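Data first, discussion second: the structure below is written as structure tokens.
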Amino acid sequence: MSKGRRTARISVAIAAAGVVALSACAAPDDVEGPGSGNGDGDVEEVFLQLATGSTGGTYYPLGGEIAQLWGDNIDGLQVDTFATGASVQNLRALEGATEDEEAGAIDQSELIMSVNGVAMQAQNSTGPFADEPLASPDDLYAMGNIYPEVMQVVVRADSDIETIADLEGANVEIGPPGSGTEVAARQILEAYGLDPDSDINPFDSTFGDAATALGDGQVDAAFGILSVPAAGIMEVSASNDVRILAIDGDEAEQLIEEDPSYSPLTIDGGTYNGQDEDVVTLTQWATLYSTSALDEDLAYELTRVMYEEADSIGHDVGSQVVLETALDGLGDIEVHPGSARFFEEQGILD
Numbered sequence: 001m002s003k004g005r006r007t008a009r010i011s012v013a014i015a016a017a018g019v020v021a022l023s024a025c026a027a028p029d030d031v032e033g034p035g036s037g038n039g040d041g042d043v044e045e046v047f048l049q050l051a052t053g054s055t056g057g058t059y060y061p062l063g064g065e066i067a068q069l070w071g072d073n074i075d076g077l078q079v080d081t082f083a084t085g086a087s088v089q090n091l092r093a094l095e096g097a098t099e100d101e102e103a104g105a106i107d108q109s110e111l112i113m114s115v116n117g118v119a120m121q122a123q124n125s126t127g128p129f130a131d132e133p134l135a136s137p138d139d140l141y142a143m144g145n146i147y148p149e150v151m152q153v154v155v156r157a158d159s160d161i162e163t164i165a166d167l168e169g170a171n172v173e174i175g176p177p178g179s180g181t182e183v184a185a186r187q188i189l190e191a192y193g194l195d196p197d198s199d200i201n202p203f204d205s206t207f208g209d210a211a212t213a214l215g216d217g218q219v220d221a222a223f224g225i226l227s228v229p230a231a232g233i234m235e236v237s238a239s240n241d242v243r244i245l246a247i248d249g250d251e252a253e254q255l256i257e258e259d260p261s262y263s264p265l266t267i268d269g270g271t272y273n274g275q276d277e278d279v280v281t282l283t284q285w286a287t288l289y290s291t292s293a294l295d296e297d298l299a300y301e302l303t304r305v306m307y308e309e310a311d312s313i314g315h316d317v318g319s320q321v322v323l324e325t326a327l328d329g330l331g332d333i334e335v336h337p338g339s340a341r342f343f344e345e346q347g348i349l350d
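The numbering of the sequence shown is UniProt numbering, which starts it at 1 and goes up by one.
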């Protein structure tokens with residue numbers, strides 16, 4: 001497993017993606033894997049739900065496509081998605097994954113997408129989980145990375161703000177409460193010597209609304225952990241040139257040392273209108289997580305299909321769903337046994 005520091009460069013084009021709706025779910029306990037028969041020659045259906053993120057971000061549309069991919073390639077499986085406040089909220093949702101032997105069912109309704117750094121905090125009961133830790137922080141299993149989660153701090157190109165330190169006194173969108181964006185934004189601001197509660201005027205919109213506010217001049221800057229390019233930033237830069245603020249130097253080194261889920265990444269110049277030069281920032285990973293309540297054979301199939309059929313994903317980050325980075329930055333979080341079996345077969349996990 002590779003847990004070291006990685007440097008990457010990303011410059012890709014934006015594409016549309018579909019979504020599906022929320023539904024309740026439960027699976028029979030005699031299902032040993034997707035597509036198992038019920039003794040009468042019929043395929044028993046398994047229903048899961050995937051917690052994604054806000055409608056203005058990447059998780060929501062991408063999660064819908066991945067869910068559809070699973071449904072199209074795994075017999076008897078239906079995965080429905082729903083919008084959430086993203087990482088912190090999703091990790092707390094995993095508390096609902098339990099086994100009920102008397103009812104004859106295993107609640108397999110919780111698959112979630114989360115930033116890997118926030119998942120590490122959940123496991124260690126730190127950050128947003130310090131005062132209210134998860135009931136079972138060790139019952140958190142990774143199923144593989146999906147794409148690089150790039151921190152993009154965007155300002156209008158005509159802004160006087162040149163660095164993160166220049167955000168002092170500014171109106172700044174730092175992300176919805178409990179989102180990976182908010183957690184990372186606070187870490188970054190503090191690394192640059194700014195108190196996110198008193199040295200800036202913080203706002204907590206979803207990135208879609210934050211991008212609109214930036215374009216309208218209602219805020220001076222917006223943080224977003226997003227794919228590259230980000231749809232919201234593309235929309236703003238269509239009518240207002242923008243710049244991405246660098247996160248590098250001693251401050252970035254400090255963040256990486258304190259939180260190994262971070263690694264440096266360069267966004268190519270020209271990715272957005274107005275951003276002419278390469279800019280160095282930080283990335284984490286959007287990762288798929290579940291719990292021990294998820295059937296091992298089903299976890300194997302979910303992982304296999306996500307990587308083997310990634311070319312069918314229409315969203316641009318589909319090209320970034322690759323085995324080479326599937327296990328980067330997971331820290332001490334264990335890989336789900338079903339997913340581990342697939343990674344072992346592929347030779348990327350001993």
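Even glycine gets a Cβ: it sits at the ideal position worked out from N, Cα and C.
From a predicted model like this one, the values you see are computed outputs, not experimental measurements.
Please state whether DSSP places P229 in a helix, a strand or coil.
Residue 229 sits at position 229 when you count from the first residue of the sequence shown. Here P229 sits in coil by DSSP.
Run through the region 138-195 for me and flag every whole beta strand (DSSP E) of 3 or more residues, listed as ranges in chain order.
141-156 and 171-173
Counted within 10 angstroms of its Cβ, other Cβ atoms place I333 as buried (16 or more) or exposed
By 1-based counting over the sequence shown, the position of residue 333 is 333. Looking at its Cβ environment, which holds 16 or more other Cβ atoms inside 10 Å, I333 is buried.
Beta-carbon gap between V335 and G117 smaller than 9 angstroms
Numbered from 1 along the sequence shown, position 335 holds the residue referred to as residue 335. Numbered from 1 along the sequence shown, position 117 holds the residue referred to as residue 117. Contact flag unset, no.
Does DSSP put F342 in a helix, in a strand, or in coil?
As a working note, residue 342 is residue 342 in the sequence shown. Residue state, collapsed to three classes: helix.
In this structure, how does DSSP classify D80 when only helix, strand and coil are distinguished?
On the sequence shown, residue 80 is found 80 positions in, with the first residue counted as 1. DSSP places D80 in strand when its eight states are reduced to three.
Compare the Cα-Cα distances from L282 to each of E309, N273, A252 and L302 and report the closest residue.
Residue 282 sits at position 282 when you count from the first residue of the sequence shown. Nearest option by C-alpha distance: A252.
Inter-stretch contact at 8 angstroms, needing at least 3 Cβ pairs: the region 310-325 / the region 166-185:
no
Please say whether A51 and L134 have beta carbons closer to each other than 9 angstroms?
Counting from one through the sequence shown, the residue named residue 134 turns up at place 134. Counting from one through the sequence shown, the residue named residue 51 turns up at place 51. It is not a contact, given that the beta carbons lie outside the stated cut-off.
Indicate whether L91 and Y262 have their beta-carbon atoms separated by less than 9 angstroms.
Stepping through the sequence shown from its first residue, residue 91 is reached at position 91. Stepping through the sequence shown from its first residue, residue 262 is reached at position 262. Cβ atoms of L91 and Y262: not closer than 9 angstroms.
My output table needs one value for V317: the three-state DSSP class, helix, strand or coil.
Numbered from its first residue, the sequence shown carries residue 317 at position 317. DSSP places V317 in helix when its eight states are reduced to three.
Does the beta-carbon of D72 have 16 or more other beta-carbons within 10 angstroms, so that it is buried, or is it exposed?
Translated into positions along the sequence shown, residue 72 becomes position 72. Label assigned to D72: exposed.
Report, in whole angstroms, the separation of the C-beta atoms of T287 and S179, which I expect to be a contact under 8 angstroms.
Here residue 287 refers to the residue found at position 287 when the sequence shown is read from its first residue. Here residue 179 refers to the residue found at position 179 when the sequence shown is read from its first residue. That belief does not hold up - the Cβ atoms of T287 and S179 are roughly 15 angstroms apart, past 8 angstroms.
So, for I348: in the same chain, excluding its five sequence neighbours on each side, which residues have a beta-carbon less than 7 angstroms away from its beta-carbon?
Position 348 of the sequence shown, counted from the start, is the residue given in the question as residue 348. Taken in chain order, the residues that qualify are L323, A326 and L327.
Pick from A211, T212, L214 and P177 that is closest to P196, judged by C-alpha positions:
In the sequence shown, residue 196 corresponds to position 196, counting from 1. The residue with the shortest Cα to Cα distance from P196 is P177.
Pick helix, strand or coil for V31, following the three-state DSSP scheme.
If you number the sequence shown from 1, residue 31 lands on position 31. Model confidence at V31 stands at a pLDDT of 35, short of 50, so the residue's coordinates are unreliable and nothing is read from them.
How would you call E257, buried or exposed, if buried means at least 16 neighbouring beta carbons within 10 angstroms?
Numbered from 1 along the sequence shown, position 257 holds the residue referred to as residue 257. Classification of E257: exposed, given that the 10 Å Cβ count is below 16.
From V154 to P260, what does the alpha carbon distance come to, in whole angstroms?
Position 154 of the sequence shown, counted from the first residue, corresponds to residue 154. Position 260 of the sequence shown, counted from the first residue, corresponds to residue 260. Going from the Cα of V154 to the Cα of P260 covers about 24 angstroms.
When the Cα atoms are used, what is the spatial distance from Q346 to E308?
Taking the sequence shown and counting its residues from 1, the one referred to as residue 346 is at position 346. Taking the sequence shown and counting its residues from 1, the one referred to as residue 308 is at position 308. Each residue's alpha carbon lies about 11 angstroms from the other.
Assigned secondary structure, N116 (DSSP; H/G/I helix, E/B strand, else coil)
Taking the first residue of the sequence shown as position 1, residue 116 is located at position 116. Three-state result, N116: helix.
Could you tell me the boundaries of the beta strand (DSSP E) in which L62 lies?
Stepping through the sequence shown from its first residue, residue 62 is reached at position 62. L62 -> not in any beta strand (DSSP E); alpha helix (DSSP H) instead, spanning Y59 to N73.
Measure the C-alpha to C-alpha separation of L62 and H315 and round it to an integer number of angstroms.
Looking up residue 62 in the sequence shown gives position 62. Looking up residue 315 in the sequence shown gives position 315. Those two C-alpha atoms are separated by around 6 angstroms.
Counting only the same chain and skipping the five closest in sequence on each side, list residues whose C-beta sits under 7 angstroms from that of A340.
Position 340 of the sequence shown, counting from 1, holds the residue named residue 340. Excluding sequence neighbours, A340 sits near L349.
Once you ignore the five residues that flank F342 on each side, which residues in its own chain have a CB closer than 6 angstroms to its CB?
The residue given as residue 342 occupies position 342 in the sequence shown. Cβ within range, chain order: Y300, T303 and R304.
When you compare only the Cα positions, how much space is there between L194 and G270?
As a working mapping, residue 194 is identified with position 194 in the sequence shown. As a working mapping, residue 270 is identified with position 270 in the sequence shown. For L194 and G270, the distance between alpha carbons rounds to 30 angstroms.
Nearest candidate by alpha-carbon position, reference I66, set G57, D75 and D80:
Counting from 1 along the sequence shown, the entry for residue 66 is found at position 66. Considering only alpha carbons, the answer is D80.
Which of the three DSSP states, helix, strand or coil, is assigned to L50?
Here residue 50 refers to the residue found at position 50 of the sequence shown. Three-state DSSP puts L50 in a strand.
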